[in-house]
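S.K.:
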Amino acid sequence: YTHYESLKGDFLALDFDDILNLTLHYLNEDEFSHQPYSWVQVDEFQDLNTMQWLILQKLTKQNCHIVLFGDTEQAIFSFMGADSYALAQISNTYKKHSVYENHRSPQYLLEMYNNYATHNLNPSWEKNPFSKKDTPKKDNLIFNLIQGDQFKEMKHIIQNIVSPEIDTI
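Quick note: the sequence shown uses our numbering, first residue 5, plus one each step.
This is the structure in structure tokens:
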């Protein structure tokens, strides 16, 4: 840790934790003035850690309209400080709207997840599983193995997925 901190100092570098710490530090300073937001949207809120929540509180007005998008079943960043207990408290603070219709995944994938969730995450999940309208056929999910750099990947995507009629790039 000491060596890492020394290297950052030598190169005048900041890591993500430094950015969070400095942001919170300056938001707490009396000399630092900022106009609090009256409307905030947060995506993947289930992954926010305590410091990120504190920053959010410092950036918002008292009666701020806050919209949180996330899935408590997908809280996977506990190793980075995301706290499931805090998440449960936050989830109870805000009015919750649930979405049970999925427009991105094929039906067999949703069935696999619903089965897993029912047996491993939440027994009451069975009452409100994800569903799908106009389900694509199983063969609509395409897997591509591309070996090489990002330019080969880009060429493959353009030629085979976006515009199959293009033959040279």
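From the three backbone atoms N, C-alpha and C, an ideal C-beta is built for every residue, glycine too. Quantities reported herein were computed from a predicted structural model and do not represent experimental measurements.
Starting from residue 72, trace the beta strand (DSSP E) in both directions and tell me its first and last residue.
M.R.: Within the sequence shown, the letter at position 68 stands for residue 72. Where residue 72 is concerned, the enclosing beta strand (DSSP E) stretches over 64-73.
S.K.: Shortest alpha-carbon distance to residue 60 belongs to which of 88, 110, 24?
M.R.: Numbered from its first residue, the sequence shown carries residue 60 at position 56. Of the listed residues, the one whose Cα sits closest to residue 60 is 24.
S.K.: Specify the secondary structure class of residue 151 as computed by DSSP and reduced to three states.
M.R.: As a working note, residue 151 is residue 147 in the sequence shown. Residue 151: coil per DSSP, three-state reduction.
S.K.: How would you call residue 86, buried or exposed, if buried means at least 16 neighbouring beta carbons within 10 angstroms?
M.R.: What you label residue 86 is simply residue 82 of the sequence shown in a count that begins at 1. By the neighbour-count rule (16 or more Cβ atoms within 10 Å), residue 86 is buried.
S.K.: Compute the Euclidean distance between the alpha carbons of residue 65 and residue 44, then round it to the nearest angstrom.
M.R.: Translated into the one-based positions of the sequence shown, residue 65 becomes position 61. Translated into the one-based positions of the sequence shown, residue 44 becomes position 40. Roughly 10 angstroms between the two C-alpha positions.
S.K.: Sort out for me which residues DSSP pairs residue 41 with in a bridge.
M.R.: Indexing the sequence shown from 1 puts residue 41 at position 37. Paired residues: 64.
S.K.: Taking 8 angstroms as the threshold, find out whether the segment 10-27 comes into contact with the segment 51-59 through three or more Cβ pairs.
M.R.: Contact holds: three or more Cβ-Cβ distances are below 8 angstroms.
S.K.: Who are the Cβ neighbours of residue 76 in its own chain at under 7 angstroms, not counting the five residues just before and after it?
M.R.: Residue mapping note: residue 76 aligns to position 72 of the sequence shown, counting from 1. For residue 76, where only same-chain residues beyond five positions count, the Cβ hits under 7 angstroms are 50, 91, 95.
S.K.: Which residues mark the beginning and the end of the alpha helix (DSSP H) in which residue 10 is found?
M.R.: As a working mapping, residue 10 is identified with position 6 in the sequence shown. Taken as a continuous stretch (DSSP letters only), the alpha helix (DSSP H) holding residue 10 covers 6-14.
S.K.: Mapping the DSSP letters down to three states, classify residue 22 as helix, strand or coil.
M.R.: Within the sequence shown, residue 22 is the residue found at index 18, counting from 1. Helix at residue 22.
S.K.: Would you give the residue range spanned by the alpha helix (DSSP H) that residue 111 belongs to?
M.R.: Residue 111 sits at position 107 when you count from the first residue of the sequence shown. Unbroken alpha helix (DSSP H) run through residue 111: 111-120.
S.K.: Could you name the residues of the same chain whose beta carbon sits closer than 6 angstroms to that of residue 88, not counting the 5 residues immediately before and after it, in chain order?
M.R.: Counting from one through the sequence shown, the residue named residue 88 turns up at place 84. Here the set comprises 79.
S.K.: Looking at the structure shown, is residue 79 part of a helix, part of a strand, or coil, going by DSSP?
M.R.: As a first step, residue 79 must be located in the sequence shown, where it is residue number 75. Coil, per DSSP.
S.K.: Would DSSP call residue 34 helix, strand or coil?
M.R.: Position 30 of the sequence shown, counted from the start, is the residue given in the question as residue 34. Here residue 34 sits in coil by DSSP.
S.K.: Compute the distance between the beta-carbons of residue 41 and residue 63, then report whether it is under 9 angstroms.
M.R.: Along the sequence shown, read from residue 1 onward, the residue named residue 41 stands at position 37. Along the sequence shown, read from residue 1 onward, the residue named residue 63 stands at position 59. Yes, the Cβ-Cβ distance between residue 41 and residue 63 is below 9 angstroms.
S.K.: Sorted by chain position, which residues of the same chain lie with C-beta nearer than 8 angstroms to residue 69's C-beta, five sequence neighbours on each side aside?
M.R.: Your numbering for residue 69 matches position 65 in the sequence shown. Around residue 69: 42, 43, 44.
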